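Student: Letter by letter, the sequence shown follows residues 0 to 335 in numbering that gives the first Met the number 0.
All C-beta atoms, glycine included, are put in the ideal place defined by N, C-alpha and C.
Computed from a predicted model, the values in this text were never measured in an experiment.
Structure below; questions to follow.
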Amino acid sequence: MMRNHAGRYVTFSKNVFIPVTNVCRNNCLYCVFKKDINDKGAFLLTFDDVEKILKKGRDEGCIEAMFTFGEYPEKVDGFGSMLKKEGYDSFIDYIRDLCLLALDLDMLPHTNPGSISLDELSVLKDVNASMGLMLEEAASLEVHKNSPGKTPEHRIKTIESAGRLKIPFTTGILIGIGETEDDRIRSLKIIRDLHTRYDHIQEVIIQNFLPKKGTVMESCKPSSIDEIKETVKLARGILPDDIAIQIPPNLIPFDLLPELVRCGVDDLGGISTVTLDYINPESCWPTGKELRYILKDFILKERLPIYPRFVKDGWYSKKVGRVIEFYADEDGFKKE
Ligand code: SF4
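See the structure below:
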C-alpha cells in the first residue's frame, strides 16, 4: 500500500449535498442546476427539508453538510417572497441558521456561497468548518457573459476575503470552458499567490467540463483525458505541497483514478451515499467499496471538511470546535 507522490494519504469526506436553492443571479452557459424563478422547478428548501437530509446523512455516517446554492438569489425578483415564507428577510441569515441546525445534529457545515462580500463571509465564518468558491478561470470567458458574479475580480476578492478572515478554504478551476492553457496557469498562480499571503487554501479542485443536455453548451466536447492529466500535473507543479489537489471521482472515467493519483491527486472530495451531485445529476458518486477497490494500491483515509492542518492549528470557532473535536483523531483526520 502506498501513499501518493507527496507521501500523503488519498483522502475523502463523507457528505450530504444540500442544494438550498436553485435560484441564481447568474446564467452560466453550461449550467443545468439554475432555474428561473417562474420555472416549475425553482425551489428553496425549507428547514424541514434540510433537517431530513441531515438526519439521513448522519444516520449513514456522513459528517459533512455541504450547502450549495445559486449565487445571490435575493437579487432575483420574486425570491424575497420565497424567503419570507420561511420567516427570513436575509438569505445569508437563513444559511447561517441552517448551518447551526447542522451543528446541532453533529454535522460539520461546508458552505459554497458564491462571490459574496467580506461582511457576508463573516456572518458564516463561525458556523462553518470550511467554505469554498471555485475560481473557475481568472479570465473573462464567453460562457460567463451573463454571469456578473463570475468576473475574475469578484471571485478573487471573495477568496482573498476568506484568507483575511482565516477561513479554511476550497477553490478550484473548471477546465474545458473555452480557456487557454495560459489561463489555467494564470489561475493556478493566482491561487498560489493568495495562499502565500493568507495560508488558507486547503485544496484545489481540478474539475473537468461535461456538457449537459438542455444547455447552450450541450453539443460541446467534454474535457479530454489528456487535458485532465496534464492539468493535474500542472497544478502539482505550481501549487505548494500543503494544498491538496482534488478530482471529483464521479466526473472522470473511474478507471483513470489510479493514474491521476500518480499524477498528483491527493483527494477525492465529498462522496455521498445519500444525495445526488445536483450540479452534475447524471454523474453518480462511486461507493466507498468501489473506491477502495480501484485505489487498492493507495491508503485511503477519511477526513473532515476541514483539513488536518487546520484542525491542528485551531482554525475554527467554539461552535464548530465541539463537533470537530468529537470526530477528529490526534492527526486531525476522522477517527477510525
Ligand atoms: S453554475 Fe452556479 S453560478 Fe452559474 S448559473 Fe449555475 S448555479 Fe448560477
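Answer yes or no: do S129 and Q201 have a C-beta to C-beta separation smaller than 8 Å?
Tutor: Yes. Within cutoff.
Student: Quick check: does the Cβ of S222 come within less than 7 Å of any heavy atom belonging to the ligand SF4?
Tutor: No, since every heavy atom of the ligand SF4 falls outside the 7 Å radius drawn around the Cβ of S222.
Student: Comparing alpha-carbon positions, which option in T274, N249, D103 and E70 lies nearest E289?
Tutor: When each option's Cα is compared against that of E289, the closest is N249.
Student: Measuring from the CB of G213, is there a heavy atom of the ligand SF4 at a distance below 7 Å?
Tutor: Flag unset: Cβ of G213 not near the ligand SF4.
Student: Any heavy atom of the ligand SF4 inside 7 Å of the beta-carbon of C27?
Tutor: Correct: C27 has its Cβ closer than 7 Å to the ligand SF4.
Student: At a cut-off of 7 Å, would you count S61 as near the ligand SF4, judging by its Cβ distance to the nearest heavy atom?
Tutor: For the record, residue 61 in the displayed sequence is Cys; it is not Ser. Incorrect: C61 has no Cβ contact closer than 7 Å to the ligand SF4.
Student: Cα-Cα, which of K33, V9 and Y8 is closest to T20?
Tutor: Of K33, V9 and Y8, the residue nearest in Cα terms is K33.
Student: When the Cα atoms are used, what is the spatial distance from D105 to V322?
Tutor: About 6 Å.
Student: DSSP state of E135, grouped into three classes?
Tutor: Strand, per DSSP.
Student: S129 by DSSP, collapsed to three states: which one?
Tutor: Of the three classes helix, strand and coil, the one that applies to S129 here is strand, per DSSP.
Student: Examine the Cβ distances between the region 208–222 and the region 254–268 and report whether three or more of them are shorter than 8 Å.
Tutor: Result no; under three Cβ-Cβ pairs closer than 8 Å.
Student: Confirm the yes/no value for this check: CB of C219, any heavy atom of the ligand SF4, distance under 7 Å.
Tutor: C219 Cβ: outside cutoff for every heavy atom of the ligand SF4.
Student: Which residues bound the alpha helix (DSSP H) around P307?
Tutor: Residues P307 to K311.
Student: Give the DSSP-derived three-state secondary structure of G213 in the structure shown.
Tutor: It is coil, neither helix nor strand.
Student: Take the Cβ of Y292 as the centre, count every other Cβ of all protein chains shown within 10 Å, and call the residue buried at 16 or more, exposed below.
Tutor: Exposed, by the Cβ-count rule.
Student: At 4 residues or longer, what runs of the alpha helix (DSSP H) sit wholly inside the region 204–271?
Tutor: Qualifying alpha helix (DSSP H) stretches, in chain order: 224–237 and 256–262.
Student: Identify the residues that DSSP records as bridge partners of S12: which are they?
Tutor: S12 is bridged to G269.
Student: Under the three-state reduction of DSSP, which class applies to F68: helix, strand or coil?
Tutor: DSSP places F68 in coil when its eight states are reduced to three.
Student: Thinking C-alpha only, which one of K188, I158 and D76 is nearest L233?
Tutor: Among K188, I158 and D76, the Cα nearest to that of L233 belongs to K188.
Student: For I293, which of helix, strand or coil comes out of DSSP?
Tutor: Residue state, collapsed to three classes: helix.
Student: From M65 to L173, what does the alpha carbon distance come to, in whole angstroms?
Tutor: Spanning the two alpha carbons is a distance of roughly 19 Å.
Student: For F168, which beta-bridge partners are listed by DSSP?
Tutor: Its beta-bridge partners are M130 and I200.
Student: Give every residue of the same chain whose Cβ lies closer than 6 Å to the Cβ of I114, excluding the five residues on either side of it in the sequence, and list them in chain order.
Tutor: The identity of residue 114 in the sequence shown is Ser, whereas the question assumes Ile. Once the five neighbours on either side are set aside, the close Cβ partners of S114 are G148, H153, R154 and T157.
Student: Could you tell me whether any non-hydrogen atom of the ligand SF4 is closer than 7 Å to the CB of K144?
Tutor: No, since every heavy atom of the ligand SF4 falls outside the 7 Å radius drawn around the Cβ of K144.
Student: Let me confirm a value: G236 is counted as buried when at least 16 other C-beta atoms fall within 10 Å, else exposed. Which label applies?
Tutor: Flag for G236 reads exposed.
Student: Starting from T157 and walking both ways along the alpha helix (DSSP H), at which residues does that stretch end?
Tutor: Per DSSP, T157 belongs to the alpha helix (DSSP H) from P151 to R163.
Student: Tell me the DSSP secondary structure of P147 in three-state form.
Tutor: Here P147 sits in helix by DSSP.
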